[in-house]
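Everything in the sequence shown is counted per the numbering used here, starting at 195 for the first residue and increasing by one.
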Amino acid sequence: MADFTTTTGDLELHDWHGSKLLAQPVVDALTRFTSEGIINPDQILGVSENLDEESDTDIFCPRHGLDLAQAGNVVIVHTHKTRKAPPQFAAALVNGDTRADLNGLVKHTLQVSKVSFAPVADATAATGMESGGMSPIGLPPAWPVLVDARILETPTLFIGSGIRPSKLVVNGALFAYLPGVRVIEGLGKPRA
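1) Count the other C-beta atoms from every protein chain shown that fall within 10 angstroms of the C-beta of Thr172, then say buried if there are 16 or more, exposed otherwise.
2) Please report the distance separating the alpha-carbon of Asp204 from that of Thr273.
3) Buried or exposed, going by whether 16 or more other CB atoms sit within 10 Å of the CB of Val314?
4) What is the C-beta distance between Leu346 and Thr303, in whole angstroms, given that I count them as a contact (C-beta under 8 Å)?
5) Leu381 and Val288 - do their beta-carbons sit closer together than 7 Å?
6) On a Cα-Cα basis, can you pick out the residue from Asp342, Lys308 and Val363 that is closest to Ala279?
7) Can you check the segment 243-314 for any alpha helix (DSSP H) of at least 4 residues that lies completely inside it and give the ranges in chain order?
8) What residue range does the beta strand (DSSP E) around Asp222 cover?
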């Protein structure tokens with residue numbers, strides 16, 4: 195499929211196979227999930243290329259005529275079982291028109307006493323991905339990944355590719371099948 199291209203809005207989508215537009219952990223995860231039959235390859239719609247500054251959903255969506263709900267934002271957090279316990283990583287994925295309910299549903303679902311944003315240096319070192327381009331696909335297997343139920347209803351979802359200058363475009367329904375994912379109603383709260 196070397197000459198695969200399609201368009202979504204004003205964006206050209208490229209084939210993800212062997213793409214330099216994806217971080218290696220993302221390519222590895224997609225390859226494994228499709229070869230093992232965990233996800234249907236047709237649910238991976240392609241990869242779009244963008245400017246570095248467009249890694250920000252609030253810039254990317256309006257510039258390309260997309261609704262904020264078509265973007266998936268992932269937040270990497272540190273969780274603590276007790277106030278003195280060492281931090282553990284987790285991730286939350288919500289639609290771009292919402293914010294993850296970290297101190298409510300994330301904290302409650304993971305049964306932890308504290309949730310905080312993971313330091314950027316720690317998150318990039320642990321994932322092999324760039325800040326601002328984090329993908330919910332390709333995270334370390336031991337990490338819990340909480341996904342808002344609305345994500346599964348988003349047929350054309352732009353998510354991080356692991357690098358800033360591109361977006362992985364998928365059918366959000368594939369998150370129902372990924373290992374380590376917990377789907378949660380109301381995880382994303384409307385922006386204030």
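For every residue, glycine included, the Cβ atom is placed at its ideal position computed from N, Cα and C.
According to the data block:
1) With the chain covering only 195 through 386, there is no way to say anything about residue 172.
2) Residue numbering aside, residue 204 sits at position 10 when the sequence shown is read from its first letter. Residue numbering aside, residue 273 sits at position 79 when the sequence shown is read from its first letter. Spanning the two alpha carbons is a distance of roughly 39 Å.
3) Indexing the sequence shown from 1 puts residue 314 at position 120. With fewer than 16 Cβ atoms within 10 Å of its Cβ, Val314 is classed as exposed.
4) As a working mapping, residue 346 is identified with position 152 in the sequence shown. As a working mapping, residue 303 is identified with position 109 in the sequence shown. So it is not a contact: roughly 16 Å between Cβ atoms.
5) In the sequence shown, the residue the question calls residue 288 occupies position 94. In the sequence shown, the residue the question calls residue 381 occupies position 187. For Val288 and Leu381, yes; Cβs fall inside 7 Å.
6) In the sequence shown, the residue the question calls residue 279 occupies position 85. The residue with the shortest Cα to Cα distance from Ala279 is Lys308.
7) 251-257 and 301-304
8) As a first step, residue 222 must be located in the sequence shown, where it is residue number 28. Note, Asp222: premise wrong, no beta strand (DSSP E); alpha helix (DSSP H) at Gln218 to Ser229.
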